[in-house]
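Chemist:
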Amino acid sequence: MTPMARPLLLFGLLFTGIAVDGAWLSRVLWGLAPDLVLLVLLSAAVRGGLPTGALLGATAGYLRDLASGTPLGVYTFAYLVAGIAAGSMMTMLDFDQRRVPAATAAVATVLLSLLTGVVVVVTGLATVHWLELLWSGAIAAAVNAVLARPVDALVRGAERAARRRHPAKPIAYRVFR
Amino acid sequence: MRGRIALAGLLLAAALMLLTLQVRQPERRAVGPVGAALLAVLGPAQTGLARVSDSVARLWRLYTDIGRLRIENTRLREDVERLGQEIARLREQAQATQRLERLLDFRTATGGRAIGARVIGRDTSQWFAVILVDRGSRDGVRRNDPVVAAEGLVGRVLTVSPTTSQVLLITDVRSAVGVVLQQSREAGVVEGQGHAVVRLKYLSRARDVTIGGVVITSGLTGLFPRGLPVGTVVSLVREQGAIYQEALVAPAVNLDHLEEVLILAEGRSDR
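Protein chains in written order, with the numbering used here: chain A, 1 to 177; chain B, 1 to 271.
1. Compare the C-beta of A:Pro71 with all C-beta atoms of chain B and state if any pair is closer than 8 Å.
2. So, with DSSP's three-state summary, where would you put A:Gly61?
3. Could you run through the stretch 40 to 70 of chain B and flag, in chain order, every residue whose CB is less than 7 Å away from some CB of chain A?
4. Near B:Leu39, what residues of its chain come up, given a Cβ to Cβ distance below 8 Å and the 5 sequence neighbours on each side ignored?
5. Using the Cα positions of B:Val154 and B:Arg89, report the straight-line distance between them to the nearest angstrom.
6. Shorter than 8 Å from the beta carbon of B:Arg2 to some beta carbon of chain A?
7. If we ignore side chains and look at the alpha-carbon of each, how far apart do B:Ser330 and B:Thr159 end up?
8. Which word fits B:Ala37, buried or exposed, when buried means at least 16 other C-beta atoms lie within 10 angstroms of its C-beta?
9. With B:Val148 and B:Leu181 assumed to form a contact (beta carbons below 8 Å), what rounded beta-carbon distance in angstroms separates them?
10. Which residues in chain B sit within 8 Å of A:Thr76, going by Cβ to Cβ distance?
11. Taking the beta carbon of A:Gly49 as the centre, do at least 16 other beta carbons fall within 10 Å, making it buried, or is it exposed?
12. Quick check on the DSSP output: what are the complete beta strand (DSSP E) runs of length 3 or more inside the stretch 125 to 157 of chain B, in order along the chain?
13. Who are the near neighbours of B:Ala250 in its chain, counting only those whose CB is closer than 7 Å to its CB and skipping five residues on each side?
14. Within a Cβ cutoff of 8 Å, which residues of the same chain sit near A:Ala78, ignoring the five residues on either side of it in sequence?
15. Can you list, in chain order, the residues of its chain with a C-beta nearer than 6 Å to that of A:Ala86? Leave out the 5 residues immediately preceding and following it.
16. Would you give the residue range spanned by the alpha helix (DSSP H) that A:Pro34 belongs to?
17. Whole angstroms are fine: how far does the CA of B:Val261 sit from the CA of B:Arg113?
18. Rounded to whole angstroms, what's the CA-CA distance from B:Arg205 to B:Thr163? Just pull it up for me.
19. Applying the criterion that 16 or more other CB atoms from any shown protein chain within 10 Å of the CB defines a buried residue, is A:Arg64 buried or exposed?
20. Using the beta-carbon count (16 or more within 10 Å), is A:Pro51 buried or exposed?
21. Decide if the stretch 100 to 109 of chain A is in contact with the stretch 65 to 75 of chain A; the criterion is three or more beta carbon pairs, one per stretch, under 8 Å apart.
22. Looking at C-alpha atoms only, which residue of B:Ser161, B:Gln183, B:Gly192 is the closest neighbour of B:Leu168?
23. Would B:Ala8 pass as an interface residue toward chain A - the criterion being a Cβ-Cβ separation below 8 Å?
24. Starting from the C-beta of B:Ile243, find all residues in its chain whose C-beta is less than 8 Å away, skip the five residues before and the five after it, and write them out in chain order.
25. Check the C-beta distance from B:Asn276 over to B:Val157 and give it rounded, since I have them as a contact under 8 Å.
26. Pull up the DSSP beta-bridge partners for B:Ser204, would you.
27. Assign B:Ser161 to one of two classes, buried (16 or more other C-beta atoms within 10 Å of its C-beta) or exposed (fewer than that).
28. Taking the alpha-carbon of B:Gly222 as reference, which of B:Ser137, B:Thr171, B:Asp134, B:Val179 has the nearest alpha-carbon?
29. For B:Val173, name the three-state secondary structure that DSSP assigns.
30. Suppose you measure from the CA of A:Leu134 to the CA of A:Val110; what does that come to, to the nearest Å?
31. So is A:Ala58 in contact with chain B if we call contact Cβ pairs under 8 Å?
32. Mark B:Ala94 as exposed unless 16 or more other C-beta atoms lie within 10 angstroms of its C-beta, in which case mark it buried.
33. Within 10 angstroms of the Cβ of B:Thr172, are there 16 or more other Cβ atoms? Answer buried if so, exposed if not.
34. With which residues is B:Gly121 paired in a DSSP beta bridge?
35. Between A:Val20, A:Thr59, A:Leu9, which lies nearest to B:Leu11 when the distance is taken from Cα to Cα?
36. Which residue marks the beginning of the beta strand (DSSP E) containing B:Ile211, and which one marks its end?
This is the structure:
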């Protein structure tokens, strides 16, 4: 894997996540849609560390801002914070443990939801109904918890596949370190 | 470690700055050249995915519609079949009701005790004309009781068992019924020939017999009450040198399609 391959791969995954979220998952009713972007971000950040988390978080948030039509910065800030938090917990979280991805995804989903609400309130962009926000956050957390491990496996599988395509190249496992 | 924190801080600051700039004029959302380029790529990707999902949804709807339509089709076919059977049953019932109503009228007009009977069998030989009805001696039927339908005379009871009776039709070669021509009151005897028509014998050559003339029972033989329609004259048979003239009479009752009859238990003129 070339030094730029991993960032490109992760960007591709985020981009795909955004596209899938917008085109498919946004149609799912009752807030049952998973946040694939967050799941990719968590997987990459926990395994990659703080810089990976920060850069991917900012990118993921920016893409989400772009795609969703919200004022730029709302999701950028929220996902950036999520990415930094996940990356800084790299040494504390072992994503290979069976339940860790699910628990991390559930907690991160709720916190991200609350953080987004706080950003919206602080900036005065809209009124937030906290109970509704918590309810939809809890549902999304449950769905994300179910999908966390498959998405983590997907991210790792994609990285392995990318590595096999460049066997002679050194593996830059943590690109940004 | 400092570098990482610095990177994170820098990104946070950039995000906050972006947010601040955008929040000041949220209605003027400026995505910039990078954002525009990303959206330019993202748009078609999302459109493609949406089309795929729409196609899948359409296919799924089609699939479910086919299943639903198949079930509905089966149900409708069953309904059609059931309703067809019901219509046939109701038609049958209506026709039976009409026949029975006519019989009832006839019974009322005839007077006396009449026993309604259902035809349950028929002699299939080409020489004899006998039907089997579901009434017998237990119901009060006796040998030689006249049997009629709504249109007129059918025959007489030939054999009686406790629960069934055999009826000799007027077309049977063994049958002879004393009759008169309704208009001229000319008397004669109608004898069966084993065919659909019966022969009217012993008519005086001096009297004119008209085609279409109605033949009714005379009541003279003691077996049949007076005035029951027997049939209508369809042709005349005049043989040279014969003392009497004859005629062929079409029975008033369609004897091939009898389903219900009345047995006139107290209808004999000798009672």
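Every residue, glycine too, gets a C-beta built ideally from N, C-alpha and C.
In this text, all values refer to a predicted model and were calculated from it rather than measured experimentally.
Modeler: Walking through what the data contain:
1. yes
2. helix
3. Leu42, Ala45, Gln46, Leu49, Ala50, Ser53
4. Val31
5. 27 Å
6. no
7. No information on residue 330 of chain B is available, as it lies outside the stretch 1 to 271 that chain B covers here.
8. exposed
9. Wrong, their Cβ atoms sit about 19 Å apart, outside the cutoff.
10. Ala15, Leu18, Leu19
11. buried
12. 130 to 133, 146 to 149
13. Val197, Gly231, Thr232, Val234
14. Gly61, Leu112, Leu115, Thr116, Val119
15. Leu42, Ala45, Val46, Gly53
16. Element bounds for A:Pro34: n/a, residue is neither H nor E.
17. 13 Å
18. 46 Å
19. buried
20. buried
21. no
22. B:Gly192
23. yes
24. Arg205
25. Residue 276 of chain B is absent from the model: chain B starts at 1 and stops at 271.
26. B:Tyr244
27. exposed
28. B:Val179
29. coil
30. 7 Å
31. yes
32. exposed
33. Per the sequence shown, residue 172 of chain B should be read as Asp rather than Thr. When all chains shown are included, B:Asp172 counts as buried.
34. B:Leu132
35. A:Thr59
36. Unbroken run through B:Ile211: none, as it is neither H nor E.
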